[in-house]
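Visitor: What follows is a single structure, and I will ask about it in a moment.
Protein chains: 2
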Amino acid sequence: MAVKSAGIRDVAELAGVSVTTVSHVLNDTPHTRVAEETRARVRHAAKTLGYGPNRAAQALRTNRSGLIGLLSEEIATTPHAGRIILGAQDAAREHDLTLVIINTERESSGHSHRDDVQALLDRQVDAVLYATMYHRQVSLPPNLQALPAVLIDSTDRAGIVPAVVPDEVGGAIAAVTHLVESGHTRIGFLNNDDDVPATHGRFEGYRQVLDAHGISFDATLVSTAPSETLPGYELAREMLGRRDRPTALFCYNDRMAMGAYRAATELGLSIPDDLSIVGFDNQELIAANLFPGLTTVALPHYEMGVWAVETLVRLLHGEGEYKLLADKPTLLDCPLVVRGSVARPTAH
Amino acid sequence: MAVKSAGIRDVAELAGVSVTTVSHVLNDTPHTRVAEETRARVRHAAKTLGYGPNRAAQALRTNRSGLIGLLSEEIATTPHAGRIILGAQDAAREHDLTLVIINTERESSGHSHRDDVQALLDRQVDAVLYATMYHRQVSLPPNLQALPAVLIDSTDRAGIVPAVVPDEVGGAIAAVTHLVESGHTRIGFLNNDDDVPATHGRFEGYRQVLDAHGISFDATLVSTAPSETLPGYELAREMLGRRDRPTALFCYNDRMAMGAYRAATELGLSIPDDLSIVGFDNQELIAANLFPGLTTVALPHYEMGVWAVETLVRLLHGEGEYKLLADKPTLLDCPLVVRGSVARPTAH
DNA sequence: GTGAAAGCGCTAACAG
DNA sequence: CTGTTAGCGCTTTCAC
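Quick mapping for you: the protein sequence lines, in order, are chains A and B.
When we follow the numbering used here, the leftmost residue of the first sequence carries the number 291, and every step to the right adds one.
When we follow the numbering used here, the leftmost residue of the second sequence carries the number 291, and every step to the right adds one.
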């Protein structure tokens, strides 16, 4: 309320120059020479008046809203989306862009995705980010084609949009290497049974580490089930019940690991002394609240959010190696988060 | 890209009227009579051209950005913030408003809060929502005074801003009543030890139910500790270790309940047969993944988000019983979510 | 009932 | 190096 805030002409007046000059210096307009002394005067005037540009006028004139849309699946289901938002937010702020977030359903008719994109289009965002809840391939709504876009945590089935995804293989390598370096050689793997990149990537990483350390692969040490707590429990229960049970378990995700904890407890195996466990996802709510804390692999959600916005900005500025970027999704590191669930195996 | 989208003059032309008329009918401008037949023609023209107003021009002209800022604490920490966002989002869409979300730190210098509000101000939002991570009292950044505001999950220390919070007492009543109706009379309460509304409200609800059912209050059945998993475990361990242990536990939150589960397991008490447990917060990641599923009380985050936006809209439209609203925070229901952790006590 | 026209605050030709 | 000026697309006053 109060007094209507200062406009560019107020600044011009106070600095004793024209609005053009003010516009030039405040925007660092290229191909424009303004005396350093004038610039200083203008900037000072702007500051003393507390001048901030009127976004609407700017947008109207430049045809750029300064808004970028983030279409995110299932914002409220896990904190994952939250971290993407955080990363995107921070990067956006860096570039004076505003993030407009729209929640979308995971498995919707595709129709609704269209509508969600439309909502963003109606708000005339300059570009859009599309974030999925888990690493997978997607088909983009057709109306998304109209705008620069970047995919987060998924790849484009058509392969024409830049994408950033977690390095699943690398994450698994970190996890299993940690186990091997702690002295484990019989390492069970409780894997997901969905046909998604994470399933294959984490398995791939598991195999690579075994190979690299000359540990022969034992197919009986790998079992698969839906990646939930209960199936994890059942798988672990079975595998840990064997006479030649593994001394460590690498779990597809923290929920399966949570099930494994329960199985271990029931079998009288203490973690980490009798059994080491490593999870994946680093879901704080689970990993930090288990006893002992679960050593797991973090997904680079925040970093993917940052990368996506940075890429969008480059695209918007026409430094677009768009094709190049879209060609191969960018992989981001999945670092190991050490808590208390891994120890050296006890001698038999 | 493609063709630049239709403007109001295109619509006017196609409908054979002036832009004024188009504006009037599309906005249902009051005190304006346009022949029904003309309205129809205009609307039809708009639809066939796929016309959508240029937000920037609208904003510039009306001095209303159509943006509302949501300042939310710790977006990525729990899904709570996500549900508030969802509710606010849905309500905002209903009113053709766009939500701009800014993450803020929980315990920051107050300085940074100022900056976050400033960021919103710079983006010229029409109003702001301030959402805290847990129910408490806050002091608002001074620069927030400039705009209509509504508090979510907290109350204003100064008492001048409308607020919506969970009905803690009611939630606790629902939880404990459920226990009593299942036949429990010795009900332990593992409470938080912070001086926050939830602590007092949930205790109050606990007492009320006991009173209402003629169960005499036993102070030894209430213990307090920080509301984390480990303290919850320790408290439960102690209380359940007594000879006259309670047959049911009401826990301040799901994390404490998670600790109680562990204590029960260690003591060989099976849930729900030997011990019933009710939590609070309904954190899916925990409650749904425990064995058995935890019966708990849900916080009305989504609903608070909706309420806040609706209230903001009313405020914006000047139907402002602002003072009235601010006077007493609005309480929203905390419904019980039944899973599998409650059963009738077994006869001794 | 309908229309003409004046800006909202800013950017970017273009002129000087 | 700096200033004048014409709109961006829309709402709204005022006249018809």
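Virtual Cβ for every residue (Gly too), placed ideally from N, Cα, C.
The beta strand (DSSP E) that contains Ser362/B, what's its start and end?
Guide: Here the beta strand (DSSP E) through Ser362/B covers Leu357 to Glu363.
Visitor: Count Cβ pairs between the segment 487-505 of chain B and the segment 519-536 of chain B that sit closer than 8 Å; are there 3 or more?
Guide: The answer is no - the segment 519-536 of chain B does not touch the segment 487-505 of chain B, with fewer than three Cβ pairs under 8 Å.
Visitor: Could you work out which residue in Gly491/A, Leu539/A, Arg426/A and Phe570/A is closest to Ser472/A when comparing CA atoms only?
Guide: Out of Gly491/A, Leu539/A, Arg426/A and Phe570/A, Leu539/A has the C-alpha closest to the C-alpha of Ser472/A.
Visitor: Mind checking which residues open and close the alpha helix (DSSP H) that includes Gly558/B?
Guide: Careful: Gly558/B lies outside any alpha helix (DSSP H) and carries neither H nor E.
Visitor: Can you list, in chain order, the residues of the segment 366-379 of chain B whose Cβ is nearer than 8 Å to any Cβ on chain A?
Guide: From the segment 366-379 of chain B, only Ala366, Thr367, Thr368, Pro369, Ala371, Gly372, Arg373, Ile375, Leu376 and Gln379 have a Cβ closer than 8 Å to chain A.
Visitor: Measuring straight from C-alpha to C-alpha, what distance separates Glu364/A and Leu376/B?
Guide: When rounded, the distance between both Cα atoms is 9 Å.
Visitor: Going by the DSSP bridge assignment, what does Cys541/B pair with across the sheet?
Guide: The partner list for Cys541/B (beta bridge, DSSP) reads Leu480/B.
Visitor: Whose C-beta lies closer than 7 Å to the C-beta of Arg704/B among residues of the same chain, with five residues either side of it excluded?
Guide: Outside the shown range of chain B (291 to 638) lies residue 704/B, about which nothing can therefore be said.
Visitor: Give the range of the alpha helix (DSSP H) segment to which Gln348/A is assigned.
Guide: First-last of the alpha helix (DSSP H) with Gln348/A: Arg345 to Thr352.
Visitor: Do Val312/B and Ala325/B have their beta-carbon atoms positioned less than 8 Å apart in this structure?
Guide: Going by C-beta atoms, Ala325/B is not nearer than 8 Å to Val312/B.
Visitor: Could you tell me how far apart the beta carbons of Pro487/A and His425/A are, in whole angstroms, since I believe they sit closer than 8 Å?
Guide: Indeed, because the Cβ distance is near 5 Å, the residues count as touching under 8 Å.
Visitor: As an exercise, report each continuous beta strand (DSSP E) stretch of at least 3 residues that is fully enclosed by the segment 484-527 of chain B, in chain order.
Guide: Runs of the beta strand (DSSP E) inside the segment 484-527 of chain B: 512-515.
Visitor: So, is the C-beta of Leu575/B closer than 8 Å to a C-beta in chain A?
Guide: Yes, Leu575/B counts as interfacial toward chain A.
Visitor: Out of Ala349/A, Glu397/A and His468/A, which one is the CA nearest neighbour of Gln414/B?
Guide: Among Ala349/A, Glu397/A and His468/A, the Cα nearest to that of Gln414/B belongs to Ala349/A.
Visitor: Count the other CB atoms, across all protein chains shown, that sit within 10 Å of the CB of Val440/A; report buried if there are 16 or more and exposed otherwise.
Guide: Buried, since its Cβ has 16 or more Cβ neighbours within 10 Å.
Visitor: Here's a check: name, in chain order, each residue in its chain whose Cβ is nearer than 8 Å to the Cβ of His314/A, leaving out the five neighbours to either side.
Guide: Counting only Cβ-Cβ distances below 8 Å, and skipping sequence neighbours, we find Thr322 and Val324.
Visitor: Sorted by chain position, which residues of the same chain lie with C-beta nearer than 6 Å to Pro625/A's C-beta, five sequence neighbours on each side aside?
Guide: For Pro625/A, where only same-chain residues beyond five positions count, the Cβ hits under 6 Å are Ala588.
Visitor: At the level of alpha carbons, what is the spacing between Val628/B and Leu580/A?
Guide: Distance between the alpha carbons of Val628/B and Leu580/A: 23 Å.
Visitor: Out of Asp508/A, Ser362/A, Met594/A and Ala462/A, which has the shortest C-alpha to C-alpha gap to Cys541/A?
Guide: Closest by alpha carbon: Ala462/A.
Visitor: Could you please give the first and the last residue of the uninterrupted beta strand (DSSP E) stretch that includes Ser444/A?
Guide: Taken as a continuous stretch (DSSP letters only), the beta strand (DSSP E) holding Ser444/A covers Ala439 to Asp446.
Visitor: Any beta-carbon of chain A closer than 8 Å to the one on Gln414/B?
Guide: Yes - at least one Cβ of chain A is within 8 Å of the one on Gln414/B.
Visitor: Is Val466/B near Val390/A, with beta carbons less than 8 Å apart?
Guide: Not closer than 8 Å, so no.
Visitor: Helix, strand or coil for Pro456/B per DSSP?
Guide: Reduced to three states, the DSSP call for Pro456/B is strand.
Visitor: Quick one: is Leu389/A near chain B, going by C-beta distance under 8 Å?
Guide: Interface residue, yes.
Visitor: Of all the options Arg492/B, Val603/B, Gly478/B and Tyr420/B, which has the alpha carbon lying nearest to the alpha carbon of Arg535/B?
Guide: Nearest C-alpha to Arg535/B: Gly478/B.
Visitor: Assuming contact is defined by CB atoms lying nearer than 8 Å, are Gly595/B and Ile374/B in contact in what I supplied?
Guide: A contact, by the Cβ cut-off of 8 Å.
Visitor: Give the interface partners of Asn393/B over in chain A, defined as CB-CB distance under 9 Å, in chain order.
Guide: Here the neighbours are Gly372, Ile375, Leu376, Gln379 and Asp380.
Visitor: Bridge partners of Gln643/A, per DSSP?
Guide: The question about residue 643/A has no answer, for chain A in this structure spans 291 to 638.
Visitor: According to the Cβ coordinates, are Thr368/B and Pro369/A closer than 8 Å?
Guide: Yes, Cβ-Cβ distance for Thr368/B and Pro369/A is below 8 Å.
Visitor: DSSP state of Asn317/A, grouped into three classes?
Guide: Helix, per DSSP.
Visitor: Of the choices Ser444/A, Val459/A and Gly460/A, whose alpha-carbon is the least far from that of Ala453/A?
Guide: Closest option to Ala453/A, Cα to Cα, is Ser444/A.
Visitor: Per DSSP, what kind of secondary structure is Val324/B in: helix, strand or coil?
Guide: Val324/B falls in the coil class under three-state DSSP.
Visitor: Compare the C-beta of Arg532/B against all C-beta atoms of chain A and say whether one is closer than 8 Å.
Guide: Closer than 8 Å: no.
Visitor: Given a threshold of 16 other Cβ atoms within 10 Å of its Cβ, counted over all protein chains shown, does His607/A qualify as buried or as exposed?
Guide: By the neighbour-count rule (16 or more Cβ atoms within 10 Å), His607/A is not buried but exposed.
Visitor: Given that a residue counts as buried once 16 or more other Cβ atoms are within 10 Å of its Cβ, and exposed if not, what is Met291/A?
Guide: Its pLDDT being 34, under 50, Met291/A is placed unreliably in this model, and the value from its coordinates should be taken loosely. Answer is exposed; the Cβ neighbour count stays below 16.
Visitor: Return no unless some Cβ of chain B is closer than 8 Å to the Cβ of Phe581/A.
Guide: Output row for Phe581/A: interface = yes.
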